[in-house]
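Below: one structure, written as structure tokens.
Residue numbers (the working numbering): -6 to 77.
Shown next as structure tokens:
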């Protein structure tokens, strides 16, 4: 599952727990209903301001919408000059 799909699953779950329709969430969060639909289908990833508006409108924490999304940093390689 990718990040957009995980966020979508979390958003749908939180919206249903709040007993809100997409239209109601859209009005509360000042986010267009088509964007809510795209987010819930995993077609789009929310910007940080949208994440905050959605969480507040659902009376949830942003971390609840980000549940299961983990970043694992890769290796860090230091650059250097070499003389030939």
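Quick reminder that beta carbons are idealized off the backbone N, C-alpha and C, glycines included.
| Asked | Found |
| --- | --- |
| Since residue 7 contacts residue 58 with CB under 8 Å, what's their CB separation in whole angstroms? | 6 Å |
| Is the region 25 to 42 in contact with the region 67 to 74, if contact means three or more CB pairs nearer than 8 Å? | no |
| Report all residues from its chain with a CB closer than 7 Å to the CB of residue 16; omit the five preceding and five following residues, and keep chain order. | 26 |
| Measuring straight from C-alpha to C-alpha, what distance separates residue 34 and residue 65? | 25 Å |
| Give the straight-line distance between the Cα atoms of residue 24 and residue 14, rounded to the nearest whole angstrom. | 13 Å |
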